Structure formats: structure tokens, C-alpha cells
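Working notes for the structure below.
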């Protein structure tokens, strides 16, 4: 892990020169402070940092689903060093397929319900950290935006996820799968773009953080959106969508971005 020594930052030599902090931790803490100041400034100038009608979901509304995971773990012990897939229903609906197709990476899918990032953060220890994974594949944020939160809020909540996760598991590799629109949510594409862009920038300055871009594959060569890759609810993908996503995710998880 990369570390920053205070003396390298222009601090005088002495006791503080022996105090070392992980560079990623320092970056994340600075970004969280900056974002808090930014939001305060927006409110001060009368600009609402959230979209009209925004709501915060109860953090424990998926408690029964989390207990179901724990019951399953009691019957089938999991071993450290695997790959945890965490997120919302896009992953949850494909849980069995994920664990089958990524079995060579000891995949564990712990995506749940129509979860938001604050809910994932609330259950972080029970659905991610307990498995001591080597890799985490993360897909969430679209429900947050549907609840009226802006892309910046998604970025900030994901930043909190990264901070808590890297504090507990300093060597873990985290892969953020870009937020991708569904036919029923095309009105929020701009917020997806904002959130994706901020997270992509974040990967440039935080160790062991990666961005997987699945958005381009959702359009054909003429730029038409693949609406036929979705179920009747116009929200969740059918097998064609996952057929397009999974090779991209695999190449990123294995570090093979040339093929």
C-alpha cells in the first residue's frame, strides 16, 4: 500500500515525520470533507443538493434478506480470498448465474433487494467484510437516483463505502460497475453520468479502486439503446444484458483488459 509521510508534505522533521498514514485514506478523508463543504455551500445559497421529492429509505428494510444470507452461510461456510458481488437487484436477480460463472474466483453474491448505497453501508460487515474477500464487485446507485438523490450523492455514499471497506481490508480490490440506465429510468441518465464520472475520477487517486464501464455495450453500433435486453418491467435485464456485461466484468476482475 502507498503511504504518505508528513515530512514529505512540507512538515518539519521531528515526531510527526514518523507518523505515516495510508495515502488512499488521506485522499478519501479529504474528499469527504470537501464534499461536505460543497453541500453546505449549496444549501447556503439556496440550492437543494437533492432532486425534488427525494427520500431516504429505512436502512433495515431488507433485514430478513440479510438474515437469509446468514442462514445460508451457517450451512455452507465461505472461505477468505474470494470475490464478493454486492449491490442491488441487477446483481441479486442474477445471483446464481454470478456464482456459477465466476466460480473460479470463489464468487459470493450478496446483492439484495432494491438496495441503495446507504443500505449496503449499513450492512457492510454482514454482507461484505465478514467474508474477507480479495475482490469486491459493486453495482448500486441507480435506486438512489430513482429515490431523488443526485449523482453527487451516489458518489459521496460510495466514497463512504470505500473508506470503511479499505479501513477494514486494506488490500482488497474494489471494482465499481458503472450505473447503466434502464428503459423505465432514462429520465435520470444525466445523474447516472454525473455519478459515474465522479467515481471514475476517484479511481485515479485511490489505490485498489477500479471502474468497469458497461454503459457503451448497452448501445448498438448506430447508437440505439438495447431496450430488448430488458424484462417486461423495463427495469431489470434479461439474459442478453448479462451476456454482454459478464465478459467485461471478468476482464476487469482478472486484469485482462486487452481482450
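Numbering (our numbering), first residue to last: -16 to 242.
Think of the CB as a built atom: it goes at the ideal place given N, C-alpha and C, for glycine as much as any other residue.
These figures come from a predicted structure and were not determined experimentally.
* Asked: What residue from 68, 124 and 97 has the CA that sits closest to residue 48's CA?
  -> 97
* DSSP beta-bridge partners for residue 120? -> 68 and 158
* Alpha carbon to alpha carbon, how far is residue 164 from residue 121? -> 16 Å
* For residue 100 and residue 140, believed in contact at Cβ under 8 Å, the rounded distance -> 4 Å
* Cut-off 8 Å between Cβ atoms - residues of its own chain near residue -2, not counting five sequence neighbours on either side -> In this prediction, residue -2 scores a pLDDT of 35, lower than 50, which makes its location untrustworthy; no coordinate-derived value is stated.
* Ranges of the beta strand (DSSP E) found wholly within the stretch 125 to 192, counting only runs of at least 3 -> 156 to 160
* Nearest to residue 74 by CA position, among 95, 85, 88 and 64, is which residue? -> 95
* Check whether the Cβ atoms of residue 134 and residue 177 sit closer than 7 Å, and answer yes or no. => yes
* According to DSSP, which residues form a beta bridge with residue 194? -> 159
* Give every residue of the same chain whose Cβ lies closer than 8 Å to the Cβ of residue 105, excluding the five residues on either side of it in the sequence, and list them in chain order. => 42 and 43
* Should residue 118 go down as buried or exposed, given a rule of 16 or more other Cβ atoms within 10 Å for buried? -> buried
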